[in-house]
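Enquirer: Its first residue numbered 2, the sequence shown is counted upward by one per residue in this note's numbering.
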Amino acid sequence: MAIWSIENLISPPLPPGTSNALLFVACGMIWSAARIFHGRPVLWAAMSAGAIVWLIACTVPAFAQWAAARIVLCSLIASAYTFLTAAELWRERRKSLLRRWPAIFVPILHGAVFLVPIPLASMLPPDRGIGSLASGWIAIFALETMLYVVGAAFIVLVLAKERAVRIQKDVASTDDLTGMLNRRGFFAAAPLLAARQAKNQEPVSVLVFDLDHFKSINDRFGHAIGDEALRLFAATAIGNLRASDIVARFGGEEFVAMLPGSLADATPAAERVRLAFQAVAGTVAGRPAAATVSIGAASAEHCADIGALIAAADGALYRAKANGRNRVEGVEQQAPGLIERASLEQWCCCSAHP
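1) Helix, strand or coil for P192, going by three-state DSSP, please let me know.
2) Hey, would you say I239 sits closer than 8 Å to A292, going by beta carbons?
3) Got a sec? Which residues, its chain only, sit under 7 Å from R273 by beta carbon, not counting five neighbours each side?
4) If you compare alpha carbons, which of H303, E302, N327, S295 is closest to D315?
5) If you drop the 5 nearest sequence neighbours on each side, which residues of the same chain put their C-beta closer than 7 Å to that of W55?
6) Does DSSP classify R250 as helix, strand or coil?
7) Could you tell me the alpha carbon to alpha carbon distance between S6 and F115, rounded to whole angstroms?
8) Answer yes if the segment 278–287 comes into contact with the segment 193–206, meaning at least three C-beta pairs across the two stretches below 8 Å, and no otherwise.
9) H111 and E89 look like a contact to me (Cβ under 8 Å); what is the Cβ gap, rounded to whole Å?
10) Between A298 and chain B, is the shortest Cβ-Cβ distance under 8 Å, so that the two count as touching?
11) Comparing alpha-carbon positions, which option in A189, A225, A230, A265 lies nearest V248?
12) How many Å lie between A286 and T268 at the Cα?
13) Are the beta-carbon atoms of A271 and V207 separated by less than 8 Å?
14) Please give me, in chain order, every unbroken run of the alpha helix (DSSP H) with length at least 4 that falls completely inside the segment 224–271.
15) Cα separation between I307 and M259?
16) Across which residues does DSSP place G331 in a beta bridge pair?
17) I31: which of A113, A58, V257, Y149 sits nearest, CA to CA?
18) Just grab the DSSP bridge partners of S206 for me.
19) What did DSSP end up calling V43 once you bin it into helix, strand or coil?
20) According to DSSP, is V117 helix, strand or coil?
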């Protein structure tokens, strides 16, 4: 903007069209920023193409004197970069960023604004209005491009900040060893599932998993084999449960899952996980670990207290261990919110061990 206002006063004069060329470079950099944001490389030639085309065109005397051509070329270059920016953001539409739609809308809106002078230039006769339209549009164009560059840059920064926050939240709610949710992540996701089931007047179930004789596996084969057994169970549980189920590692060898559905739905799912893990964990990393899992299941029609429902499933888990391990035990709670506080406190103490 500053160069555009004083370029006629600079000595020696700058090449014709320098100020507009810089604005085109800025538009190309915003497009490149969108590409970098999604991990794609910068196309340097394409980023500079608009400015180069403009500078070359300004060296042609006929173009410099043809106001309508200057208007059309300015509009086409600027709108091309804005639509390219919107296209880059649209390519990532499957990723959940809350402000993605405004980020796509702003470039499209500015691109449409940049195209407005083209039909106006074509409708005006050559001997009337083109000169005034050209001189007025150049000023408006420079201001509009400036607004677009600032606005688009701000939106890209907002997207970057939002993605950084999302990554930090994912890290905070993810178990490093298994890649599944940790305790924090489970208690962030579980209330949403419980509320949805309650709204639909449908039951919700909880499964508590505990690997049998896990300390013996660590003692016999070392912690590396124990870690591999945990990763193997995590993969088995995720692979044999539905995408709508919430599965998490609570710590040590204890895992928890929340499933939409009744105990009649949860028990077969638990049995499926148990059988699958028994089949694949006979040998872990080449060692005869013979790992198995005991599972406790609990269900409620209206889950008023997730912790109480987990406590009920944990009680069923202890029965499974007392009855010989490598089995599934279930209990159905009609009012999980009324489970005795002592039972919940017992679960909290038992699940706090590493």
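Every residue gets a Cβ at the ideal spot worked out from N, C-alpha and C, and that includes glycine. In this text, all values refer to a predicted model and were calculated from it rather than measured experimentally.
Expert: Looking at the coordinates:
1) As a working note, residue 192 is residue 191 in the sequence shown. The answer is helix: DSSP assigns P192 an H, G or I state.
2) Here residue 239 is taken as the residue at index 238 of the sequence shown, counted from 1. Here residue 292 is taken as the residue at index 291 of the sequence shown, counted from 1. For I239 and A292, no; Cβs fall outside 8 Å.
3) Residue 273 sits at position 272 when you count from the first residue of the sequence shown. Spatial neighbours of R273 in its own chain (CB-CB distance under 7 Å, excluding positions within 5 residues in sequence) are listed in chain order as N241.
4) On the sequence shown, residue 315 is found 314 positions in, with the first residue counted as 1. Nearest neighbour of D315 by Cα position, chosen from H303, E302, N327, S295, turns out to be S295.
5) By one-based count along the sequence shown, residue 55 stands at place 54. G18, N21, A22, F25, L74, I78, listed in sequence order.
6) What you label residue 250 is simply residue 249 of the sequence shown in a count that begins at 1. Note: R250 maps to strand in three-state DSSP.
7) Indexing the sequence shown from 1 puts residue 6 at position 5. Indexing the sequence shown from 1 puts residue 115 at position 114. Those two C-alpha atoms are separated by around 21 Å.
8) The way I'd put it, the segment 193–206 doesn't touch the segment 278–287; fewer than three beta-carbon pairs between them come closer than 8 Å.
9) Position 110 of the sequence shown, counting from 1, holds the residue named residue 111. Position 88 of the sequence shown, counting from 1, holds the residue named residue 89. Rounded to whole angstroms, the Cβ separation of H111 and E89 is 15 Å, and the two are not in contact under 8 Å.
10) Of the chains in the structure shown, none is chain B; there is only one protein chain.
11) Within the sequence shown, residue 248 is the residue found at index 247, counting from 1. Scanning A189, A225, A230, A265 for the CA closest to the CA of V248 turns up A189.
12) In the sequence shown, residue 286 corresponds to position 285, counting from 1. In the sequence shown, residue 268 corresponds to position 267, counting from 1. Distance between the alpha carbons of A286 and T268 is about 29 Å.
13) Here the question's residue 271 lines up with position 270 in the sequence shown. Here the question's residue 207 lines up with position 206 in the sequence shown. Contact: no.
14) Taking only runs of at least 4 residues, the alpha helix (DSSP H) segments lying wholly in the segment 224–271 are 224–241.
15) Position 306 of the sequence shown, counted from the first residue, corresponds to residue 307. Position 258 of the sequence shown, counted from the first residue, corresponds to residue 259. Using only the alpha carbons, I get a separation of about 9 Å.
16) Position 330 of the sequence shown, counted from the start, is the residue given in the question as residue 331. BP columns for G331 point to A298.
17) Here residue 31 is taken as the residue at index 30 of the sequence shown, counted from 1. Answer by Cα proximity: Y149.
18) Within the sequence shown, the letter at position 205 stands for residue 206. BP columns for S206 point to L260, S300.
19) In the sequence shown, the residue the question calls residue 43 occupies position 42. Three-state DSSP puts V43 in coil, outside helix and strand.
20) Residue numbering aside, residue 117 sits at position 116 when the sequence shown is read from its first letter. Looking at V117 - three-state DSSP - the assignment turns out to be coil, as it is neither helix nor strand.
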